[in-house]
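First the structure, in the form of structure tokens, and then the observations on it.
Numbering (the numbering used here), first residue to last: -17 to 188.
What follows is the structure, given as structure tokens:
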């Protein structure tokens, strides 16, 4: 048969779409894909504390928040598959969506694939990926490879500052390398950065 709706992605956007669609009795099929550690949930799976999501006055971890969203989507009848979509045909109707395990036809598709970490394309970066270069401070910060070392975080937004602050629990010292001449992070995060004794450097190209 032909499904009403297929949702591709399992971050906050994907699960929110699944919840609303399931409540509308559309019986959505969700391809969750994979993220850190082979689990769905998007980039929030790499976030320690989420403090700006309504309804959680004491904050909530990213994985816990995504788990609650996933269960809520399931409760309303969303059909979830932990599979990556490998092919999609939107030129003809019904649309065709194919993973490694199944092919689904659908009248509508919501693409909520989110974002992934940006690579710096440094010399030998690939060689040292997960061997000294990481895109997930929460995943790797406490490992022996990084613990007690002088570490650097590249970025100037809220995510970069949060990860730099988190790494101060384990690192000998943390440097924050900012591409622009100033941080893009919120004032609250900048204040925490100062309290955490993180060194900040501008790396604006000349």
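Just so you know, even glycine gets a beta-carbon here, dropped at the ideal spot from N, CA and C.
Within its own chain, the residues whose Cβ lies closer than 6 Å to the Cβ of residue 142, once the five positions on either side in sequence are excluded, are 135, listed in chain order. In this structure residue -8 is buried. Its beta-carbon is surrounded by 16 or more other beta-carbon atoms within 10 angstroms. Following the DSSP letters along the chain, one finds residue 1 inside the alpha helix (DSSP H) bounded by residues -6 to 5. Annotation for residue 148: the continuous alpha helix (DSSP H) segment containing it runs 140 to 149. Scanning its chain for C-beta atoms nearer than 6 Å, with the 5 sequence neighbours on each side dropped, one finds around residue 171 the residues 140, 143, in chain order. In this structure, 182 is the residue among 182, 157, 154 with its C-alpha nearest to the C-alpha of residue 164. According to DSSP, residue pairing for residue 90 in a beta bridge involves -13. The C-beta separation of residue -16 from residue 89 comes to about 6 Å, placing the pair in contact by the 8 Å criterion.
Residue 175 and residue 147 have their C-alpha atoms spaced approximately 6 Å apart. When only Cα atoms are considered, residue 58 and residue 129 end up about 43 Å apart.
The beta carbon of residue 93 lies closer than 6 Å to those of -10 in the same chain, with the five residues before and after it left out. Counted as a single uninterrupted DSSP element, the beta strand (DSSP E) harbouring residue 61 occupies residues 61 to 63.
Note on geometry: alpha-carbon atoms of residue 180 and residue 51 lie some 34 Å from one another.
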